[in-house]
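Quick notes on the structure that follows.
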Amino acid sequence: MNVKALYSLSYGLYIVSSTENRRLNAQIANSVFQITSEPIRIAVSINKQNLTHEYIEKSGVFAVSILDQDTPMKFIGNFGFKSGRDIDKFENVNYKIGKTSSPIVLDNALGFIEAEVISKTDIGSHTIFVGEALDIDVLKEGTPMTYDYYHKVKNGLSPKTAPTYIKE
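For the sequence shown, numbering that gives the first Met the number 0 gives the first residue as 0, with consecutive numbering after it.
Structure below.
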């Protein structure tokens, strides 16, 4: 099998965040998609090893910040290649606390969606959380970053915990 064919699937690049006992965490995710429009429901796929997974599991809420194509790699790396167990990912980052108490990243974000988990599916290494939107807004105009752009133009990598990680 030539698993590189999976690179042709269309993805975006997002920051998924949550809270637990007033602690905040967030991570980069590419598996975020809208499920329905009435009511608005979205799904996120999160690795069980990630702190964000633990927070979503315990709090039952999450937020998604939609990243601009011009987001710097250093910013992506802060949320994608470091653990909230070791650092405060929100230090020097503009954010606000949303209706769900989840942090909404404002830097480099075009918009956001806040959701309450209504179901979850265990898929082995990851859990797919389905959430009903409680708040949505546009923060600025721009072009959303695609995973293809992240790889081809920004030369970005996928961490081993990403659902799209392919061992070279």
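Yeah, the Cβ is synthetic: ideal placement off N, Cα and C, and Gly gets one too. Quick caveat: nothing in here was measured; it's all calculated off a predicted structure.
At the C-beta level, S58 and S17 come within 8 Å of one another. Annotated three-state conformation of F80 is coil, per DSSP. Within the segment 41-121, the runs of alpha helix (DSSP H) at least 4 residues long that lie entirely inside it are, in chain order, 50-58, 72-79.
Judged by DSSP secondary structure, S16 falls within the beta strand (DSSP E) whose first and last residues are 13-19. In the three-state reduction of the DSSP assignment, L8 falls in the coil class, being assigned neither a helical nor a strand state. Judged by their CB atoms, V15 and I34 are not nearer to each other than the 8 Å cut-off. Judged by DSSP in its simplified three-state form, V152 adopts coil rather than helix or strand.
Excluding sequence positions up to five before and after L133, its CB lies within less than 7 Å of the CB of K98, T99, E113, A114, E115, all in the same chain and listed in chain order. Segment contact: the segment 84-96 against the segment 128-143, fewer than three CB-CB distances shorter than 8 Å; contact not assigned.
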